[in-house]
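Read the structure below first, then the notes.
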Amino acid sequence: MGVGLYLHFPFCQQKCNYCDFNSYAGMEHLLPKYLSAIKQELFLYKVHVSVVNSIYIGGGTPSLLAINDITTLFDSIRRNFYVADRAEVTMEVNPGSCTLEKLKVIKMNGVNRLSIGLQSFNNESLKKLGRIHTVEDFIRTYQYARQAGFDNINVDVIYGLPWQTGEEWQDTLAGVVELDPAHISLYSLTIEEGTPFGRELKAGKIKKIDEDLEAEMYENAVKLLKANGYEHYEISNFAKPGKRCLHNQIYWRNEEYVGIGAGATSYMGRVRYTNVKEIPLYIEKVFGNDYATAEKEALKLDKIIGETIMLNLRLLDGFRMDDLTKRFKTNIDQLYGPTIKVLSNQGLLKEEAGMLKLTDHGLMIANQVFQRFV
Ligand code: SF4
Numbered sequence: 022m023g024v025g026l027y028l029h030f031p032f033c034q035q036k037c038n039y040c041d042f043n044s045y046a047g048m049e050h051l052l053p054k055y056l057s058a059i060k061q062e063l064f065l066y067k068v069h070v071s072v073v074n075s076i077y078i079g080g081g082t083p084s085l086l087a088i089n090d091i092t093t094l095f096d097s098i099r100r101n102f103y104v105a106d107r108a109e110v111t112m113e114v115n116p117g118s119c120t121l122e123k124l125k126v127i128k129m130n131g132v133n134r135l136s137i138g139l140q141s142f143n144n145e146s147l148k149k150l151g152r153i154h155t156v157e158d159f160i161r162t163y164q165y166a167r168q169a170g171f172d173n174i175n176v177d178v179i180y181g182l183p184w185q186t187g188e189e190w191q192d193t194l195a196g197v198v199e200l201d202p203a204h205i206s207l208y209s210l211t212i213e214e215g216t217p218f219g220r221e222l223k224a225g226k227i228k229k230i231d232e233d234l235e236a237e238m239y240e241n242a243v244k245l246l247k248a249n250g251y252e253h254y255e256i257s258n259f260a261k262p263g264k265r266c267l268h269n270q271i272y273w274r275n276e277e278y279v280g281i282g283a284g285a286t287s288y289m290g291r292v293r294y295t296n297v298k299e300i301p302l303y304i305e306k307v308f309g310n311d312y313a314t315a316e317k318e319a320l321k322l323d324k325i326i327g328e329t330i331m332l333n334l335r336l337l338d339g340f341r342m343d344d345l346t347k348r349f350k351t352n353i354d355q356l357y358g359p360t361i362k363v364l365s366n367q368g369l370l371k372e373e374a375g376m377l378k379l380t381d382h383g384l385m386i387a388n389q390v391f392q393r394f395v
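Listed below in structure tokens is the structure:
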């Protein structure tokens, strides 16, 4: 059985005000060494992986990679692993960091899915978020992507901004839908400590959005996207028929994946490995001919099953208990049957045609449901 391959590219032109991802601005001088380290880590994992079913190059801002580096990176992936013929290959792209020429090279290297971070169709909001691009930059990048031949494009948008009104959110969704991308991912803003927004919140300069308004934004987005032909297949993800993200479904099914790069996580053989986060330390470890692992967690079977149920419930189609029983060769009912019964009686879970899934009410308070499995 194959795995998903994730490559983390933690460089950004500037840090967005809400971002607590493992990404850094002003570290470009380390880029050549980082790329060599990535290639070395790919080589280290060669013995553990036979087939790669999907590739996801994320960040950070992978579209900051120079044209030559994009080609050598994909050469290195293909030299070390057998990439399945129909593998989904995604690369994240930031508007303002990608020319038409670069997008053509990305396509030539076998990338068949792009994920573009737009966040908002409002320039004032983009500025407050600390994004490096405008709406016009996004539209240009999107059109370049189409010209380069990409028909499978995801657009990321964010809601729940402290200053955002329901109308502004509707405008963002309408603007995206108008462009007809194959996939749309919604993110609700979480204000994290240590970010500029976190500090502003602490200082009372911004306030969290009203919870009811945020819930209304989500419900309205679901309605609007469904009405425009998108399948709501995961809590925050919407796709045109046949365009569901295969790579992310590996995570939601709790299947095996390899994560390469600073801070990346791998999950193989019921063990979760997380790499060191800092770029210099990552480079040092890998050049020392070592795995860059900072944490290694061997997961107990009941924990894996709980996490697998929780992750599968993110998928609106749900899952078959029988499939998990076969996969884990254990009686799932004995472990989680009582919890599932309680949640079903509370109207949060339901079984339909043998699939266990969230109800509409369960979907609105999904995090509370998930807590019962972890
Ligand atoms: S571009 Fe993405 S990864 Fe980089 S700082 Fe902004 S949100 Fe974070």
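Whatever position you read off the sequence shown (first residue = 1), add 21 for the working numbering.
We treat Cβ as the ideally placed atom computed from N, Cα and C, and that holds for glycine.
Under 6 Å Cβ to Cβ from residue i, same chain only, skipping five residues before and after it: list those, please.
{"i": "Tyr-154", "result": "According to the sequence as given, residue 154 is His; it is not Tyr. Correct list, in chain order: Pro-116, Gly-117."}
{"i": "Phe-102", "result": "Val-70, Val-73"}
{"i": "Gly-280", "result": "Tyr-27, Thr-286, Ser-287"}
{"i": "Val-114", "result": "Ser-84, Leu-135, Ile-137"}
{"i": "Leu-245", "result": "Leu-194"}
{"i": "Phe-171", "result": "Leu-135"}
{"i": "Gln-61", "result": "Val-307"}
{"i": "Val-132", "result": "Val-110, Met-112"}
Apart from the five residues just before and just after residue i, which ones in its own chain have a Cβ nearer than 8 Å to its Cβ?
{"i": "Asn-258", "result": "His-204, Ile-205, Ser-206, Leu-207, Arg-265, Cys-266, Asn-269"}
{"i": "Asp-323", "result": "Leu-356"}
Looking only at its own chain, which residues have a Cβ that is under 7 Å from the Cβ of residue i, when we skip the five neighbours before and after it?
{"i": "Gly-215", "result": "Asp-41"}
{"i": "Ala-387", "result": "Ile-256, Leu-379"}
{"i": "Gln-140", "result": "Leu-147, Leu-150, Arg-152, Asp-177, Val-178, Ile-179"}
Would you mind sorting residue i into buried or exposed? The rule is 16 or more other CB atoms within 10 Å of its CB.
{"i": "Trp-190", "result": "buried"}
{"i": "Ser-71", "result": "exposed"}
{"i": "Val-126", "result": "buried"}
{"i": "Phe-308", "result": "exposed"}
{"i": "Gly-225", "result": "exposed"}
{"i": "Gly-187", "result": "exposed"}
{"i": "Ala-11", "result": "This structure does not reach residue 11, given that the chain is present from 22 up to 395, and the question cannot be answered."}
{"i": "Lys-123", "result": "buried"}
{"i": "Pro-262", "result": "exposed"}
{"i": "Thr-162", "result": "buried"}
{"i": "Pro-31", "result": "buried"}
Can you tell me which of the three DSSP states residue i falls into?
{"i": "Glu-372", "result": "strand"}
{"i": "His-253", "result": "strand"}
{"i": "Asp-177", "result": "strand"}
{"i": "Met-112", "result": "strand"}
{"i": "Met-289", "result": "strand"}
{"i": "Lys-18", "result": "A question about residue 18 goes unanswered here, because the residues of the chain that appear run from 22 up to 395."}
{"i": "His-382", "result": "helix"}
{"i": "Leu-86", "result": "coil"}
{"i": "Gln-367", "result": "coil"}
{"i": "Asp-41", "result": "coil"}
{"i": "Asn-144", "result": "helix"}
{"i": "Gly-358", "result": "helix"}
{"i": "Asn-74", "result": "strand"}
{"i": "Ile-353", "result": "helix"}
{"i": "Phe-394", "result": "coil"}
{"i": "Ser-91", "result": "Checking the sequence shown, residue 91 turns out to be Ile, not Ser. Ile-91: helix per DSSP, three-state reduction."}
{"i": "Arg-100", "result": "helix"}
{"i": "Ser-118", "result": "coil"}
{"i": "Ile-137", "result": "strand"}
{"i": "Asn-258", "result": "strand"}
Could you tell me the alpha carbon to alpha carbon distance between residue i and residue j, rounded to whole angstroms?
{"i": "Thr-82", "j": "Leu-28", "result": "11 Å"}
{"i": "Ala-108", "j": "Lys-228", "result": "43 Å"}
{"i": "Gly-290", "j": "Lys-321", "result": "11 Å"}
{"i": "Leu-85", "j": "Val-110", "result": "18 Å"}
{"i": "Arg-134", "j": "Gln-35", "result": "25 Å"}
{"i": "Val-409", "j": "Tyr-303", "result": "It is not possible to answer for residue 409, since the shown part of the chain is limited to 22 through 395."}
{"i": "His-50", "j": "Gly-219", "result": "28 Å"}
{"i": "Met-385", "j": "Pro-217", "result": "29 Å"}
{"i": "Gly-284", "j": "Ile-59", "result": "12 Å"}
{"i": "Ala-374", "j": "Trp-184", "result": "43 Å"}
{"i": "Leu-121", "j": "Ile-88", "result": "11 Å"}
{"i": "Ser-181", "j": "Cys-119", "result": "Reading the sequence as shown, one finds Gly at residue 181 and not Ser. Using only the alpha carbons, I get a separation of about 28 Å."}
{"i": "Phe-349", "j": "Ile-330", "result": "12 Å"}
{"i": "Tyr-272", "j": "Thr-211", "result": "21 Å"}
{"i": "Glu-316", "j": "Lys-298", "result": "11 Å"}
{"i": "Leu-369", "j": "Cys-33", "result": "40 Å"}
{"i": "Ile-300", "j": "Tyr-77", "result": "19 Å"}
Can you check whether the C-beta of residue i is within less than 7 Å of a C-beta belonging to chain C?
{"i": "Asn-38", "result": "In the displayed structure, chain C is absent; only one protein chain is listed."}
Checklist entry - Whole beta strand (DSSP E) runs in the stretch 166-236 with 3 or more residues, listed along the chain? => result 174-180, 204-209
Checklist entry - Which whole runs of the beta strand (DSSP E) in the stretch 268-342 are 3 residues long or more, in chain order? => result 278-281, 286-289, 292-296, 314-319
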